Every structure is written in structure tokens, then in C-alpha cells.
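Quick notes on the structure that follows.
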Amino acid sequence: MHEETLGSGIYLPEIHDTVFNRAEDAHRFEFNGSARDYFRIWIVNVALSIVTLGIYSAWASVRTRRYMYANTLFEGSPFEYLARPIPILRGRLIAAALFATYIMASHFSRTLQLVTMGVIGVFMPWMIVKGLMFRARYSAWRGLHFRFIADYGGAYQWYLLVYMLMAIPLALSGLLAQGGHPFTGMVLFLAGFFLFYPWLKGNQQQWMAEHHYFGGKSFRFTREPSAYYRIYGAALGIGVLCMIPSGILMGLMFNAMVKSHIDPRQHSIPVLLATYLCIAPTYLIMWTYVHVRMTNALYNQASLGRYQFESSLRFWPMLYIYLGNVLAIIFTIGLAIPWAKIQVARYRASCLQVAGEGRLEEFTQRTSGADVAATGTEIDSLLGFDIGL
Amino acid sequence: MSVPGIYHDGMTTRVTRVVISRVDDSLQWRGADVAGEAALSSVMPSARVIGVPFTLLLPDGAQLQIAHDDMPPDWFARSHRIEKAVDRLERMRSIAWVSVVVTVLALIALFEYVLPWTADRIAYHLPHRLEVAMGQQSLAVLRGRVFLTTTLPAERRQHLQALFDQFAHGIPDLPPVNIVFYSAPMVGANAFALPDGTVVFTDDLVKALPDDRSFLAVAAHELGHQAHHHILREVLRSSGAVVVFGMLTGDVTSLGGMTAAIPAFLLGNHYSRDFEADADSFAFQTLAAHGIDPAAFVDAMRALEKVHPELAADKQVRYLSSHPVTAQRIAKAEAASMAFRQRHAVAR
Numbered sequence: 001m002h003e004e005t006l007g008s009g010i011y012l013p014e015i016h017d018t019v020f021n022r023a024e025d026a027h028r029f030e031f032n033g034s035a036r037d038y039f040r041i042w043i044v045n046v047a048l049s050i051v052t053l054g055i056y057s058a059w060a061s062v063r064t065r066r067y068m069y070a071n072t073l074f075e076g077s078p079f080e081y082l083a084r085p086i087p088i089l090r091g092r093l094i095a096a097a098l099f100a101t102y103i104m105a106s107h108f109s110r111t112l113q114l115v116t117m118g119v120i121g122v123f124m125p126w127m128i129v130k131g132l133m134f135r136a137r138y139s140a141w142r143g144l145h146f147r148f149i150a151d152y153g154g155a156y157q158w159y160l161l162v163y164m165l166m167a168i169p170l171a172l173s174g175l176l177a178q179g180g181h182p183f184t185g186m187v188l189f190l191a192g193f194f195l196f197y198p199w200l201k202g203n204q205q206q207w208m209a210e211h212h213y214f215g216g217k218s219f220r221f222t223r224e225p226s227a228y229y230r231i232y233g234a235a236l237g238i239g240v241l242c243m244i245p246s247g248i249l250m251g252l253m254f255n256a257m258v259k260s261h262i263d264p265r266q267h268s269i270p271v272l273l274a275t276y277l278c279i280a281p282t283y284l285i286m287w288t289y290v291h292v293r294m295t296n297a298l299y300n301q302a303s304l305g306r307y308q309f310e311s312s313l314r315f316w317p318m319l320y321i322y323l324g325n326v327l328a329i330i331f332t333i334g335l336a337i338p339w340a341k342i343q344v345a346r347y348r349a350s351c352l353q354v355a356g357e358g359r360l361e362e363f364t365q366r367t368s369g370a371d372v373a374a375t376g377t378e379i380d381s382l383l384g385f386d387i388g389l
Numbered sequence: 001m002s003v004p005g006i007y008h009d010g011m012t013t014r015v016t017r018v019v020i021s022r023v024d025d026s027l028q029w030r031g032a033d034v035a036g037e038a039a040l041s042s043v044m045p046s047a048r049v050i051g052v053p054f055t056l057l058l059p060d061g062a063q064l065q066i067a068h069d070d071m072p073p074d075w076f077a078r079s080h081r082i083e084k085a086v087d088r089l090e091r092m093r094s095i096a097w098v099s100v101v102v103t104v105l106a107l108i109a110l111f112e113y114v115l116p117w118t119a120d121r122i123a124y125h126l127p128h129r130l131e132v133a134m135g136q137q138s139l140a141v142l143r144g145r146v147f148l149t150t151t152l153p154a155e156r157r158q159h160l161q162a163l164f165d166q167f168a169h170g171i172p173d174l175p176p177v178n179i180v181f182y183s184a185p186m187v188g189a190n191a192f193a194l195p196d197g198t199v200v201f202t203d204d205l206v207k208a209l210p211d212d213r214s215f216l217a218v219a220a221h222e223l224g225h226q227a228h229h230h231i232l233r234e235v236l237r238s239s240g241a242v243v244v245f246g247m248l249t250g251d252v253t254s255l256g257g258m259t260a261a262i263p264a265f266l267l268g269n270h271y272s273r274d275f276e277a278d279a280d281s282f283a284f285q286t287l288a289a290h291g292i293d294p295a296a297f298v299d300a301m302r303a304l305e306k307v308h309p310e311l312a313a314d315k316q317v318r319y320l321s322s323h324p325v326t327a328q329r330i331a332k333a334e335a336a337s338m339a340f341r342q343r344h345a346v347a348r
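These protein sequence lines map, in sequence, to chains A and B. Under full-length UniProt numbering, the first residue of the first sequence carries the number 1, and numbering increases by one thereafter. Under full-length UniProt numbering, the first residue of the second sequence carries the number 1, and numbering increases by one thereafter.
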């Protein structure tokens with residue numbers, strides 16, 4: 001979800017939910033990128049990346065990100081992307097090697113695959129911290145860069161240990177199923193999951209927001225736990241509602257297959273594609289809903305100094321944009337990707353603002369901060385770990 | 001020459017409007033309450049990108065920002081040479097269309113030639129131990145679930161075993177091979193080559209084949225997979241396709257990654273079709289070398305069609321299938337058979 005979660009791939013500072021309607025205190029974000037310019041930059045860089053067997057891709061992503069950052073303005077000043085290509089290239093090569101090992105391991109031995117999975121799992125929190133540090137370090141506004149404080153303990157707590165808590169309802173439901181109550185076990189597991197997951201997501205957001213700094217100030221986060229239960233509860237409801245039409249569609253499809261004596265094993269690919277078509281809309285709707293509400297939750301509960309952020313993304317416009325993007329990308333075999341990214345970035349910027357009296361000039365920074373390696377950020381973007389920014 | 005710009009001191013978020021000018025080899029800026037000067041060579045400019053403002057990093061950590069269109073071209077003529085060339089390409093409309101064509105051609109070349117070639121080179125340098133491990137891994141997964149104990153009579157198995165061993169013995173450059181029989185009602189009549197040299201025949205297939213020669217024809221096809229290390233090569237090729245697609249699209253688990261899985265899957269099928277055709281021609285040659293008419297292969301295909309009627313040619317879509325269409329395979333076998341008979345007629 002990395003690219004999509006980031007929208008434009010832009011690092012935007014986090015935010016707080018208060019009603020500030022006085023226009024003079026609202027500081028706006030705007031996005032001025034044009035699909036035409038971005039397409040030209042993108043296509044040349046894609047071609048060069050492929051021709052150089054991926055080596056140039058590090059330079060390419062710096063150029064495309066610089067375009068997106070520079071066209072995102074806050075209070076009239078553009079953001080800046082400062083990363084150098086070489087560390088990104090190094091990170092990308094390591095990520096590719098890890099990924100290739102994982103893919104290959106599945107063919108050679110189950111043990112090797114489990115070991116690779118375990119190693120990636122154990123290092124994931126570390127990589128998340130590194131990735132966040134990298135992104136913050138090389139994102140700047142008005143000459144000051146962001147910072148992410150390395151808190152490995154917190155990362156292991158919220159991105160590894162808490163998932164082990166999930167083992168408790170899982171084991172309980174397993175025991176119940178063994179004891180002849182599979183239904184009770186299932187209900188117990190689902191209940192445990194729905195008690196646990198929103199709580200976990202809320203804590204992850206808080207951890208991430210509070211370790212970001214800008215201009216000597218830390219982002220603050222006032223977490224309202226019930227908000228996350230509302231989000232995931234509604235998402236579940238939407239999912240169930242969507243399941244009805246897609247279930248009917250699938251039923252019709254299989255019925256037609258049985259009637260015309262088509263063996264699904266002989267036509268595995270068309271059958272796979274048709275199934276995909278039935279499920280994809282549900283996935284897109286649920287994902288968009290969670291994405292919109294979680295982004296709003298993140299920004300609306302966060303603040304920096306006396307400035308409070310407001311995000312007002314709405315579900316229907318966002319779904320409309322994503323649907324249009326998906327269709328455009330499919331029908332242009334990928335050529336619409338730059339256009340799609342611009343659409344998302346523009347809408348997201350238009351929904352974000354900062355409220356608070358002041359001219360945003362009091363942020364100061366003394367040390368410039370050491371360089372950060374790009375390995376973490378490349379691995380987490382390859383594995384698409386959802387860090388929810 | 002002077003241009004408007006913005007000064008950031010690098011320590012606060014204060015914005016100061018300045019006028020920047022170049023005097024010989026130094027840069028000067030002047031604003032409401034700031035003024036300064038730095039040697040042009042000590043200033044680090046950012047590279048040129050369409051529409052992106054230039055940031056000039058000053059030696060003391062402060063920076064100047066100049067709007068993209070305001071930057072005089074001769075101020076930093078010698079910095080970022082490669083990026084300047086790329087920038088020039090990005091500005092040309094014709095280059096955008098050239099890039100589309102280059103991208104398509106490069107992708108075809110990459111997946112049609114570069115990736116298979118690289119994967120094959122790697123495959124030939126990997127130790128045989130790996131193939132053995134792979135074969136045992138897949139057998140361990142299948143045995144007891146898909147592959148059940150054979151119900152063929154012992155003498156029938158011994159007969160085929162001896163036939164197979166004798167046939168394989170006469171083939172040069174073959175890795176160690178062995179044949180096993182399993183009852184596999186889930187797969188029906190089929191044969192498999194496992195990477196460790198094991199050739200699996202299902203009971204249904206043995207029962208469906210009309211004679212020993214057609215049995216050897218199927219065996220020869222599977223031995224073709226063994227002789228040319230098809231399984232390892234295919235695994236490397238399709239894993240390579242997944243990795244390359246993953247890297248190209250940037251991530252592997254999201255919506256984008258899911259759509260990337262489809263072309264990777266189709267590519268895997270494309271590679272395996274090539275290997276099947278290769279195993280077929282290996283089979284024709286080997287049969288002929290053993291003095292068996294490749295028409296035996298046609299008999300085997302026809303027998304298979306009888307137990308798997310859905311294999312009949314017209315129901316298959318070529319690009320979506322992992323095996324070449326049956327009619328095509330039969331046609332090729334018949335051509336091989338014709339050549340075989342002509343050669344023997346001449347010899348006689």
C-alpha cells in the first residue's frame with residue numbers, strides 16, 4: 001500500500017481535530033503538478049530505468065519524487081525531496097536480493113522459506129524505523145528537514161510483539177475447535193480480532209506521529225480509541241454489504257460454468273480473471289474506506305506546536321478517483337499512472353489544512369542531522385508494509 | 001544579472017525575499033534584513049527538473065530558492081551533467097513517444113531474451129544437490145495427498161521399469177533418473193518430471209497408453225525435461241519474472257502488486273510452453289535414435305485425448321495454456337515420423 005498510502009509519495013506532516021473556521025488562521029496545502037509535465041518526466045525515466053536494467057531507477061525515483069514534492073505547497077512554500085540516488089540504489093539492491101531469496105526459497109525447501117520469512121519478520125520493525133527515518137530526513141520545507149526519532153523498542157512493541165498477542169484468541173479458538181465447538185471458536189477468534197485490531201492500528205498511528213519532529217518540535221497525538229472501532233466496524237459492515245452482490249455474481253458465474261460443462265481446471269486463467277473481477281470492487285471499496293478514514297484519523301488527531309492539522313478526505317470522491325485511476329491504468333496498459341498519481345495528490349492536498357494563529361516562522365533547528373541509509377525504506381516499499389502515512 | 005529569490009537561513013522557517021545576482025565568480029543576495037555573498041564554486045545547486053524550483057545550498061547551511069523559470073542558464077552550467085541531459089530529453093515531446101516505444105521494446109527484450117538467458121546461465125551453475133532438494137520437497141508435499149500408492153500389478157511395473165531404464169541408459173548426457181508410479185485420481189492420466197531426476201507416471205496414464213512404444217514416447221518427453229533441466233530453469237525464470245515485476249512496480253503486496261501478479265503468471269506459462277515444445281522435439285529425436293518411429297508419440301497423444309476429452313484442440317486458448325495445443329504437437333510428431341520413415345527407407 002506504500003505508494004497509494006502516500007498518495008503522491010509525499011511526506012506530509014501530521015495533524016489535530018478542532019474546528020477552526022476563521023479563514024485567517026487556516027494555512028492551506030495546494031498541489032500544482034500537471035499530468036502532462038509529470039508524464040514526460042515519468043516516461044523518460046521509466047524507459048531509462050528498463051534500458052539500464054534497473055540501475056537508473058534510483059535516479060529516476062529521485063527525479064519523479066522531487067517533482068511531486070516541489071509541486072506540493074504549504075503556505076506558499078514548496079516541499080523538497082533531498083535524497084541522493086546512490087543510497088536508494090543500494091537499498092533497492094538489498095531489497096531485491098532479499099525478495100529473490102524469499103521467492104526462490106519456496107521452491108527448494110520449506111525450512112529455508114520459513115527461515116527467510118522469520119528473518120524478514122524479525123527485521124521488519126527495524127526496517128520500518130529506518131524507512132521512516134529516511135523519509136523524514138530527506139523531506140524538507142523552508143530549508144528545514146523532518147526527523148524521525150529512532151525508537152526500536154517501540155517499533156518492536158507495536159509492529160511485532162502485539163501481533164503475537166493475536167496468538168491468544170487463535171490458540172483459544174483452536175482449542176475450542178478441537179473440543180468440538182468450531183463455531184464458538186470461530187466467533188471467539190473474530191471477536192478477539194475485532195477487539196484487538198483497531199486498538200493496535202490506533203497505537204501504531206500514535207507511535208508513528210509522536211516520533212516525528214519538525215523544527216525542534218515533536219508532533220503530538222491525542223488518540224481517541226473508539227474512533228478506530230468505528231472505522232473498522234463500518235468497514236466490516238461495508239464489506240458484508242459488498243459481499244452480497246459479488247457473491248451473487250460469482251454464483252451466477254459458476255452456475256453458468258456448470259451448465260455449459262466447462263471444467264474450471266482447463267480454463268484456469270479466464271476463471272481466475274473472472275473471480276478477480278468479482279472480488280476486486282469489494283476490495284477497492286473497503287480499502288478506500290479504511291484508507292480515507294484512517295488518514296483523516298491520523299491527521300485530525302495530531303498537532304505540531306500550536307498548529308493543528310485538519311484532513312477532510314471523503315469516501316465518495318476518493319472512490320471515484322481511485323476507480324477512475326484503476327480503469328485508466330488498465331485501459332492504457334500503465335501509461336495513465338502519472339495522471340493517476342497527480343489526481344490523488346491534488347485531491348489529498350486540497351483536503352488538508354493547518355489551523356492555528358501564527359505565521360509558521362517560529363520553527364528552528366540546530367543540528368542538521370546525519371545521513372540515513374535507504375535500505376529500510378526500499379524494503380518496506382517493496383514489501384508494501386502498510387505504515388499508514 | 002539579477003533574479004528574485006527566497007532566502008532560508010537553514011535554522012528557522014522564516015522566509016525572506018531577496019534579490020540574487022551574479023558578480024563575476026560570486027553570488028550575492030540582498031533582502032530586507034539579510035545580505036551575503038558566496039563563491040559560485042562553493043554553492044551546491046539542485047538538478048534541473050521541469051517546473052521544480054532550484055535550491056542553492058550555501059556553504060553555511062542556508063539556502064536560496066529560485067523559481068524554475070527565473071534561473072539564468074549560465075550560472076551553474078557545469079553541474080549535474082547527466083541530469084541535464086535527462087532533463088533535455090524530458091522536455092522534448094517526441095522523446096516521450098520514443099520512450100513509450102523504447103519501454104515496450106525493452107520490456108519484450110527483457111522478458112523474452114535477457115531474463116531467460118540469465119536464468120539459464122544461473123541454472124547451469126547451480127549444484128545438482130539443489131535440484132535434488134527441490135524434487136524431494138515437491139514429492140514430500142504431494143505424496144499421501146495427491147500421489148497415493150500405486151495399484152498397478154508388480155510385474156507390469158517391473159516390465160515398464162526395465163524398459164525405461166534401458167531406454168534412459170542409451171541417452172547421452174542424462175542426469176541420473178528413475179521412474180515411479182503413483183495412483184493419482186485427482187490429476188488423472190498424466191506424467192511429471194521432478195527436478196531430482198524422478199519421472200512420475202500415474203496409474204491412469206499407464207492404463208491409457210496402448211503399447212510399450214507409446215509409453216516410451218511419454219517417457220522420452222519427460223526425459224527431455226530432465227536432460228535440459230527444464231524444471232530448475234523454469235523456476236528460475238518465473239521467479240525472476242516475479243522479482244523483476246515486483247521491482248518495476250515498486251511493491252508486491254498492494255493493489256499494484258496484485259495486478260503485477262497477472263503478467264508474471266502469464267509469463268510463467270509462456271516460458272513453460274517453450275519448454276514443452278523443447279521436450280517434444282527431444283522426444284522425437286531420442287525415439288528416432290532408438291529406432292522407434294515418432295508416430296508412437298501421436299498414439300500417446302491420441303490415447304491421452306481419449307481419457308481427457310477436454311484436451312481436444314479447439315477448446316484451448318493458445319496464449320492461456322501451459323502446453324502447446326495438442327493438434328500442433330501431433331502435427332509436429334507426424335512430421336518427425338515422416339522424416340524418420342524416409343531416412344529408414346533410404347537406409348534400406
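Note that CB positions come from ideal geometry on N, CA and C, so glycine has one too. The structure presented is a predicted model; accordingly, all values stated were derived computationally and were not measured.
Item	Value
is_contact[D314/B, chain A] using C-beta, thresh 8 Å	In this prediction, D314/B scores a pLDDT of 44, lower than 50, which makes its location untrustworthy; the coordinate-derived value is nonetheless stated afterwards. By this cut-off, D314/B is not an interface position.
Residue range of the alpha helix (DSSP H) that includes E155/B	A154 to H169
Local Cβ density within 10 Å of M117/A, reported as buried at 16 or more and exposed below that	exposed
Cutoff 8 Å: E361/A Cβ touching any chain B Cβ	yes
Segment contact, 8 Å Cβ cut-off, at least three pairs: the region 357-364 of chain A with the region 29-38 of chain A	no
Contacting positions in the region 120-140 of chain B - beta carbon closer than 7 Å to chain A	L130, A133, M134 and Q137
8 Å Cβ cutoff, Y138/A in contact with chain B	no
Residue-chain proximity (E305/B, chain A), Cβ-Cβ < 8 Å	no
Closest residue to T150/B among V132/B, A162/B, F164/B and I179/B (Cα-Cα distance)	I179/B
Contacts around E131/B, its chain only, beta-carbon distance under 6 Å, and the 5 residues preceding and following it disregarded	P195, D196 and L232
Best match in N325/A, G174/A and L73/A for proximity to W339/A [C-alpha to C-alpha]	N325/A
Reference L126/B, options A140/B, V235/B, V218/B and G10/B, closest by Cα	V235/B
Nearest-angstrom beta carbon gap, L132/A and F148/A [assumed within contact, 8 Å]	4 Å
Short Cβ contact (8 Å threshold) for A189/B with E222/B	no
Where E80/A meets chain B, residues with beta-carbon distance less than 7 Å	T55
Cβ-Cβ distance between G358/A and R306/A below 8 Å	yes
Chain-ordered neighbours of R14/B on chain A, where CB pairs are closer than 7 Å	E361
Host beta strand (DSSP E) of Q353/A (start-end)	L352 to A355
Residues bridged to P78/A [DSSP beta-bridge criterion]	L73/A
Cβ neighbour criterion (16 or more within 10 Å) applied to Y152/A	exposed
V344/A vs F315/A beta-carbon contact at 8 Å	no
N- and C-terminal bounds of the alpha helix (DSSP H) containing L27/B	It is not in any alpha helix (DSSP H) - L27/B instead sits in the beta strand (DSSP E) that spans S26 to G31.
is_contact[M301/B, chain A] using C-beta, thresh 8 Å	no
Reduced DSSP category for E224/A - H, G, I as helix; E, B as strand; rest coil	coil
Short CB-CB distance (under 8 Å) between L335/A and chain B	yes
Straight-line gap, V129/A to I120/A (C-alpha atoms, nearest Å)	14 Å
Proximity of F196/A and A209/A at Cβ, strictly below 8 Å	no
Between the CA atoms of L110/B and F76/B - distance to the nearest angstrom	38 Å
6 Å Cβ shell around F181/B - same chain, five flanking residues per side excluded	T150, L152, R157 and F201
Uninterrupted alpha helix (DSSP H) stretches inside the UniProt domain "DUF7092" (3-78) of chain B (no shorter than 4 residues)	none
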